[in-house]
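**Q** I'd like to ask you about the structure that follows.
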Amino acid sequence: MPSLSTVPRRRQRSEDNEDDDETSTNSSRDPTPVSRNLGNGKRRRLPIQDGADEEEDDGEDSNEGSDEGTEQTTPELTQAGPGPAQTSNSQTRSLANGEVDEDGYKPGAIVRIKVTDFVTYTSAEFFPGPKLNMVIGPNGTGKSTLVCAICLGLGWGPQHLGRAKDPGEFVKHGCREASIEIELAGGPQLRKNPVIGRIIKREGNKSSFTINGKQASLAQVKKLAQSFAIQIDNLCQFLPQDKVSEFAALTPVELLNSTQRAAAGPEMIEWHESLKKLRAEQKKLQLDNKSDKDLLANLENRQEMQRVDVERMRQRAQIKRKIEMLEHLRPVVQYRDGLKDLKQKKKEKAKLQKELEDLKAELEPALRAVNAKQNYCSQLEEVVKYKKRCFEQADRAATEIVKKIEQFDDALKDFNNQIEAEKKSGQSYRQEATKIQQTINRLNRELNDEPAEFDIGWYNERIKEKRLATRELEGKANEIQQARLPLVEELKSKNDQIRRAEQQLHSLASQSGQQEAKLRGASQHSYQAYKWLQDNQDKFEKEVFGPPIVTCSVKDPKYANAVESLLQRTDFTAFTTQTRNDFRTLQRALITEMRLHDISIRTSTKPLENFRPPVSDGELRSLGFDGWAKDFLSGPEPVLAVLCSENRLHQTPINLQGISDETFSRLENGSISSWVAGKQNYQIVRRREYGPGAVSTRVRQVRPAQIWTSQAVDIVAKQEIERKILSLKDEVRQVKEKMDSERSRLHRMGEEKKELDRERATLEKEKAEKQTALINYRAIPERIRQQEAKKKDIERLFGEIRVKVIEIRGRQDQISIQKAKANLEYADAVENLRTLQEEVIQLSIRRIEGLSDCSTLTERNQHHKERLEEKYSEVKAANEDVAAQTEAVKKLLPLANRAAQAVNVQEDLRELMPTLADHTLVQLEADIDSERAHLELVQGGNVNVIKEFEEREKQIEKLRNKLSEFQNQLVEYDHAISEIRGQWEPKLEELVKSISDAFSDSFARIGCAGQVTLDKAEDEEGPDGEPGGSNFDQWSIQIQVKFRENENLSVLDSHRQSGGERAVSTIFYLMALQSLSASPFRVVDEINQGMDPRNERMVHGRLVDIACAPARNGGGGQYFLITPKLLSGLVYKPGMRVLCIYSGEHMPKDYNLLDFSEAIKRMKAVNAKSKGKGRAIEDGTLRSNGDVDVYA
1 MPSLSTVPRR RQRSEDNEDD DETSTNSSRD PTPVSRNLGN GKRRRLPIQD GADEEEDDGE
61 DSNEGSDEGT EQTTPELTQA GPGPAQTSNS QTRSLANGEV DEDGYKPGAI VRIKVTDFVT
121 YTSAEFFPGP KLNMVIGPNG TGKSTLVCAI CLGLGWGPQH LGRAKDPGEF VKHGCREASI
181 EIELAGGPQL RKNPVIGRII KREGNKSSFT INGKQASLAQ VKKLAQSFAI QIDNLCQFLP
241 QDKVSEFAAL TPVELLNSTQ RAAAGPEMIE WHESLKKLRA EQKKLQLDNK SDKDLLANLE
301 NRQEMQRVDV ERMRQRAQIK RKIEMLEHLR PVVQYRDGLK DLKQKKKEKA KLQKELEDLK
361 AELEPALRAV NAKQNYCSQL EEVVKYKKRC FEQADRAATE IVKKIEQFDD ALKDFNNQIE
421 AEKKSGQSYR QEATKIQQTI NRLNRELNDE PAEFDIGWYN ERIKEKRLAT RELEGKANEI
481 QQARLPLVEE LKSKNDQIRR AEQQLHSLAS QSGQQEAKLR GASQHSYQAY KWLQDNQDKF
541 EKEVFGPPIV TCSVKDPKYA NAVESLLQRT DFTAFTTQTR NDFRTLQRAL ITEMRLHDIS
601 IRTSTKPLEN FRPPVSDGEL RSLGFDGWAK DFLSGPEPVL AVLCSENRLH QTPINLQGIS
661 DETFSRLENG SISSWVAGKQ NYQIVRRREY GPGAVSTRVR QVRPAQIWTS QAVDIVAKQE
721 IERKILSLKD EVRQVKEKMD SERSRLHRMG EEKKELDRER ATLEKEKAEK QTALINYRAI
781 PERIRQQEAK KKDIERLFGE IRVKVIEIRG RQDQISIQKA KANLEYADAV ENLRTLQEEV
841 IQLSIRRIEG LSDCSTLTER NQHHKERLEE KYSEVKAANE DVAAQTEAVK KLLPLANRAA
901 QAVNVQEDLR ELMPTLADHT LVQLEADIDS ERAHLELVQG GNVNVIKEFE EREKQIEKLR
961 NKLSEFQNQL VEYDHAISEI RGQWEPKLEE LVKSISDAFS DSFARIGCAG QVTLDKAEDE
1021 EGPDGEPGGS NFDQWSIQIQ VKFRENENLS VLDSHRQSGG ERAVSTIFYL MALQSLSASP
1081 FRVVDEINQG MDPRNERMVH GRLVDIACAP ARNGGGGQYF LITPKLLSGL VYKPGMRVLC
1141 IYSGEHMPKD YNLLDFSEAI KRMKAVNAKS KGKGRAIEDG TLRSNGDVDV YA
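Every letter in the sequence shown is one number past the one before it in the UniProt record's numbering, and letter 1000, counting from 1, is 1000.
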């Protein structure tokens, strides 16, 4: 269980007697260093209300907290001293000014974190320091879990972590809920430190919040966090492990927005948003103005062209209007016709219903007899069922009696068996008594024969002499054996050397042996690692491949020079793994355990088919190339994939004949950036930021191949190995001669020892026989007494057996009486069962007769039933017709109502309505067809020409008025933008300059260069020479860095700099914000993973300088640096705190029992004694360049 030991030097917080200042049980039980009582003076309450703040969607249930009711008590914070409550802006200004409490914590800094059943933790508590907190520990112990606790505990969602989707997934496996408790530094404005609690339930994915032990909503928690300028959603403040790549992927525009949020006041963000909004509106206005002018001219021309056709179209419109009105009134006519049909169908339905009732009355007497017979059969069926249940019950009772009788029989058998067993026991006792009497008689005879006396001292002396002689021989033999051990080891060593030399001699004649020899020549450590790998493949999840020297080969030797010119030394000697776990296993075995240094390990993350060439094979052949570099290599696909990833073999073509100038020009302007032609290796460098013509070419000579070549056997090396084998065999012969001499001496000593052992065994046997005879004679009287006592016990047991047999026979008689009673009960039960069986049979016969009568009556009335069912069907069909017609009329009613409403509104429609009073639907359709024929006679045109003409006239007038107002609006926008820009731009330039100074200073301290600039996006001048405006939404921050002396400053991106260089730039930029930001703390998770040791050491030193600097110098902010590894000899300063996270199966349930500081002190003391150097840690504090508080 991961755990943290308690911290012994925390101050206790005195209790507050007022009810309104109650905190949670956990908070009162675990006081923090910065919690303090400021007296019982007068104070004001700062209510946390549900304001209009926007809540971000974090994927949680909407019922978080306790916001279900409107009458919930609002959690409150107390403010020390009189005076109005401070706003979040004023508190932000105090944070930026470096205001801290007496323990060094800025308001809003994290004082304590406690988690229960959260991810990997069962229970843990963290006490970070006010400055730099280095959280270290092996992978998987829960370092990043601390980052997750900070994010979720302060009210933000899991999407800011880049891990699980729902908060419920952070509950420890097997638990129903998890709890997080975070105590923030309140600063001098608050009497107590606010404590935020969150409980996450796995079921339903719900959460509840508390502030100082009182229920609170998510909005209240976020408002409290934001009042301390905490921005978990800002990557400039909170950079978890899975968001590091996201920060690196921020565009310059996004970086400017994040920087303003982290380091500038809220008014800066508001000004920027206002400028972007005003400029967008201004550009839209300008664009609309241009389009309006063009539109006005176009509309005026079109208006004159269409004026002639308008009159003709108006006549056509009148005809179309009449057709439209007739179409509109069609539902009214349809409704009238449908209503008439419905009335007719209802009359037919009533007639059929009356005929059905008459038929039912006519047939009722004939159906009555059938119903009566059916009721009779049903009653008989119920009686039969009842009697069957009685029969089954009686049968079960008889069965139980039979079981009871069987039990009595079993009991009688058991008693008989017991009697037989007792008789057998009595017989055995009688036989044993006879044997005992015979033993007594034999012992009396032996007592009369007294044994001869013997001298035991003489025997002991002789045996001792034999043992001493044996020990002397064994000592001499051991000395000879010890002397032979070096000879045995030497013989084994020589034989191993001969075997290896013979293998080496054999490998000289094979291709694989030659390649292994080349690997040994290139890197002795890589050769040793390769040999180890061949014997330990079973330790890996997937196959691990050796260096390309031995695993790959060139398909055609003539391309060996070209292919090898594309690779470096480490490419030939690198090992290839296919999983991250195998990478760690191989790294631990070779570097940690075997202590090999000249080792290179790479992981294949993409399959070979993913590495595709930039052009097709046909286009490549048209350029005169033979193929791509990877096509000339054969070997395992993961190894080839790594070579393609590292050296772009899939993008580099090869030609052995050279290329023409025309082909070179095509390649220079194409997508291929490197190739091998003839004896030259070409590489094109394109700098697109300097324009399309910024292209440079680097040419290198292709050297002869040294690795993948076919060479003859080295005769000198072969002769040297053969001479070595002969020399070793001669040495082996000499060692064997020495060992044979010693072996003969050991054989002679062994024979002497065997003779001594035989003589000693004879003496011991003779002594034991005489001593045993004397002891047995002296023990005869006691043995006689024991046999006589045993005889008396057997006689007593024989009497007890007779009593037991009499008792068992009495119990057997009682069981026989009970069995007789049970037999009588069984006879009564069988008689009752017979009676019930007869009754069931009689009732079943009567039921069968009733069913037969019922069937006869049913067949006789079948004709009546068919007539009745036929009439029922007719009535049902009539009902369905009425229902269908009713439904159709209902559907027509809304349409008819809408048409009637339109009649009341439209004058022309109201005049037409009376003329259709007697029209049927057929007549209405005829009128519509007539008007349509009339419409076809009138020449047509654009159907909307009249409407367009009138609307265009209005639009022309509107555009003329709009254009007259345009200039006034532009002046107003220019004035508003200039006023806001005059306030925002100087402050932004000053902010960027401060960041750039700090950023440049950090790079200068590590021997590199860097700067931060503000890129202002401006529009081009207009066609009439008017100045263009600024695109404030495209303003951005450009980070430029230089890591090598021969380079110029270049923009930081994923193409120019490596992952480690981007990591260094990222952490330096975050540190540059330290003195400018109002954020009370920052979190950076495993930012050093991609750095090499040099960069990591320099970055760590710079981070220590900034984080541990006094607040007046711009430092002192709280930092969380999470890392699974640390280099040795790093810089330390006062104020740092190291949180060591460790876990394991031997962790105690109560982590308070651990004292990590004491463990370190003991370890240092042991090392000092064993090595004669070093010194113990005093008070759990390591002194190097400063002080480090080590917390476990």
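Glycine residues also receive a C-beta, built at the ideal position from the N, C-alpha and C atoms.
In this text, all values refer to a predicted model and were calculated from it rather than measured experimentally.
Quick one: give me the first and last residue of the beta strand (DSSP E) that I1106 is part of.
**A** Translated into positions along the sequence shown, residue 1106 becomes position 1106. First-last for I1106: 1093-1107, but that is the alpha helix (DSSP H), not the beta strand (DSSP E).
**Q** With a threshold of 7 Å on Cβ separation, who are the neighbours of R1094 within its own chain once the five nearest residues in sequence on each side are excluded?
**A** For the purposes of this step, residue 1094 is identified with residue 1094 of the sequence shown, where counting begins at 1. Closer than 7 Å at the Cβ level, and outside the excluded window around R1094, lies no residue.
**Q** Report the residue from N647, D556, Q534 whose alpha carbon sits nearest the alpha carbon of F572.
**A** Working through the sequence shown from its first residue, we reach residue 572 at position 572. When only C-alpha atoms are compared, the closest one is N647.
**Q** Are residue 1204 and F415 closer than 7 Å when you measure CB to CB?
**A** Lying outside 1 to 1192, the shown extent of the chain, residue 1204 is not represented and no answer is given.
**Q** Should D908 go down as buried or exposed, given a rule of 16 or more other Cβ atoms within 10 Å for buried?
**A** Counting from one through the sequence shown, the residue named residue 908 turns up at place 908. When all chains shown are included, D908 counts as exposed.
**Q** Excluding sequence positions up to five away, which residues of its chain have a Cβ less than 6 Å from the Cβ of K871?
**A** Here the question's residue 871 lines up with position 871 in the sequence shown. Counting only Cβ-Cβ distances below 6 Å, and skipping sequence neighbours, we find L356, L359.
**Q** Excluding sequence positions up to five away, which residues of its chain have a Cβ less than 8 Å from the Cβ of R1102?
**A** Numbered from 1 along the sequence shown, position 1102 holds the residue referred to as residue 1102. Cβ neighbours of R1102 beyond the five flanking positions: S1002, R1005, I1006, F1068, M1071.
**Q** In whole angstroms, give me the CA-to-CA distance for D535 and H597.
**A** Stepping through the sequence shown from its first residue, residue 535 is reached at position 535. Stepping through the sequence shown from its first residue, residue 597 is reached at position 597. Their backbone Cα atoms lie some 20 Å apart in a straight line.
**Q** Taking the alpha helix (DSSP H) that D117 belongs to, which residues open and close that run?
**A** Reading the sequence shown from its first residue, position 117 is the one you call residue 117. Element bounds for D117: not the alpha helix (DSSP H) but the beta strand (DSSP E), 110-118.
**Q** Would L921 pass as a contact of D288 if the rule is Cβ separation under 7 Å?
**A** The residue given as residue 921 occupies position 921 in the sequence shown. The residue given as residue 288 occupies position 288 in the sequence shown. Taking 7 Å as the Cβ cut-off, L921 and D288 do not qualify as a contacting pair.
**Q** In the structure shown, what three-state DSSP assignment does Q706 receive?
**A** If you number the sequence shown from 1, residue 706 lands on position 706. Coil, per DSSP.
**Q** Can you say whether H747 is buried or exposed, counting buried as having 16 or more other CB atoms within 10 angstroms of its CB?
**A** Locating residue 747 in the sequence shown gives position 747, where the first residue counts as 1. Result: exposed.
**Q** Using a 10 Å radius around the Cβ and a threshold of 16 neighbouring Cβ atoms, would you call Y386 buried or exposed?
**A** Within the sequence shown, the letter at position 386 stands for residue 386. Y386 comes out exposed.
**Q** With a Cβ-Cβ cutoff of 7 Å, do V685 and S671 count as a contact?
**A** Numbered from its first residue, the sequence shown carries residue 685 at position 685. Numbered from its first residue, the sequence shown carries residue 671 at position 671. For V685 and S671, no; Cβs fall outside 7 Å.
**Q** DSSP beta-bridge partners for K201?
**A** Counted from its first residue, the sequence shown places residue 201 at position 201. K201 pairs with E177, K206.
**Q** Could you give the uninterrupted runs of the beta strand (DSSP E) lying entirely in the segment 556-611, keeping only those of 3 residues or more?
**A** Runs found: 575-577, 601-603.
**Q** Would you give the residue range spanned by the beta strand (DSSP E) that F1081 belongs to?
**A** Here residue 1081 corresponds to residue number 1081 of the sequence shown, with the count starting at 1. Where F1081 is concerned, the enclosing beta strand (DSSP E) stretches over 1081-1085.
**Q** If A574 and I601 are in contact, beta carbons under 8 Å, what's the gap, nearest whole angstrom?
**A** The residue labelled residue 574 in the question sits at position 574 within the sequence shown. The residue labelled residue 601 in the question sits at position 601 within the sequence shown. Contact flag correct, Cβ pair sits at about 7 Å.
**Q** Quick one: does the C-beta of F209 sit closer than 6 Å to a heavy atom of the ligand PLP?
**A** Absent from the structure shown: the ligand PLP. Ligands present: none.
**Q** Find the nearest neighbour of T551 within the set E541, D538, L533, N561, judged by alpha-carbon distance.
**A** Residue 551 sits at position 551 when you count from the first residue of the sequence shown. The candidate whose alpha carbon is nearest that of T551 is L533.
**Q** What residue range is occupied by the uninterrupted beta strand (DSSP E) comprising V685?
**A** Translated into positions along the sequence shown, residue 685 becomes position 685. Element bounds for V685: 680-686.
**Q** Compute the distance between the beta-carbons of I113 and A149, then report whether it is under 7 Å.
**A** Taking the first residue of the sequence shown as position 1, residue 113 is located at position 113. Taking the first residue of the sequence shown as position 1, residue 149 is located at position 149. Yes, the Cβ-Cβ distance between I113 and A149 is below 7 Å.
**Q** Checking contacts by CB at 7 Å: is V221 closer than that to chain D?
**A** Within the model displayed, chain D is absent; a lone protein chain is all it includes.
**Q** So, helix, strand or coil for E382, using DSSP?
**A** Taking the first residue of the sequence shown as position 1, residue 382 is located at position 382. Looking at E382 - three-state DSSP - the assignment turns out to be helix.
**Q** What residue from D631, E637, S1036, A878 has the CA that sits closest to S258's CA?
**A** Within the sequence shown, the letter at position 258 stands for residue 258. Selected option, being the one with the closest Cα: S1036.
**Q** Given this structure, state the Cα-to-Cα distance separating N610 from L649, to the nearest angstrom.
**A** Here residue 610 refers to the residue found at position 610 of the sequence shown. Here residue 649 refers to the residue found at position 649 of the sequence shown. N610 and L649: Cα-Cα distance of roughly 13 Å.
**Q** For the beta strand (DSSP E) that contains F1120, what are its first and last residues?
**A** Here residue 1120 is taken as the residue at index 1120 of the sequence shown, counted from 1. Segment 1118-1123, the beta strand (DSSP E) holding F1120.
**Q** When we look at the beta-carbon of K765 and count the other beta-carbons within 10 Å, is it buried (16 or more) or exposed?
**A** By one-based count along the sequence shown, residue 765 stands at place 765. The residue in question, K765, is exposed, as its Cβ has fewer than 16 Cβ neighbours within 10 Å.
**Q** Enumerate in chain order the residues of its own chain whose CB-to-CB distance from S90 is below 6 Å, with the five nearest sequence positions on each side excluded.
**A** Position 90 of the sequence shown, counted from the start, is the residue given in the question as residue 90. Legend: pLDDT at S90 = 43, less than 50; position of this residue unreliable, value from coordinates given subsequently. Nothing listed; no residue qualifies.
**Q** Closer than 8 Å is the cut-off here; do at least three beta carbon pairs connect the segment 191-207 with the segment 1028-1047?
**A** Result no; under three Cβ-Cβ pairs closer than 8 Å.
**Q** Identify the continuous beta strand (DSSP E) that holds N879 and give its terminal residues.
**A** The count along the sequence shown starts at 1 and reaches residue 879 at position 879. Looking at the DSSP string, N879 is not in any beta strand (DSSP E); the run it does join, the alpha helix (DSSP H), is 862-905.
**Q** Count the other C-beta atoms from every protein chain shown that fall within 10 angstroms of the C-beta of L1052, then say buried if there are 16 or more, exposed otherwise.
**A** The residue you call residue 1052 lines up with position 1052 of the sequence shown. The residue is buried, with at least 16 neighbouring Cβ atoms inside 10 Å.
**Q** Assuming residue 1209 is part of the beta strand (DSSP E), what are its boundary residues?
**A** For residue 1209 there is no data in the structure shown, the boundaries of the chain being 1 and 1192.
**Q** Using C-beta distances below 7 Å, list every residue in its chain close to R330, excluding the 5 sequence neighbours before and after it, in chain order.
**A** Locating residue 330 in the sequence shown gives position 330, counting from the first residue. These residues qualify, in order along the chain: L924.
**Q** Kindly indicate which three-state DSSP category D1015 falls into: helix, strand or coil?
**A** Here residue 1015 refers to the residue found at position 1015 of the sequence shown. Residue state, collapsed to three classes: strand.
**Q** Exposed or buried, which one is E543 when buried takes at least 16 other CB atoms within 10 Å?
**A** Taking the first residue of the sequence shown as 1, we reach residue 543 at position 543. Exposed.
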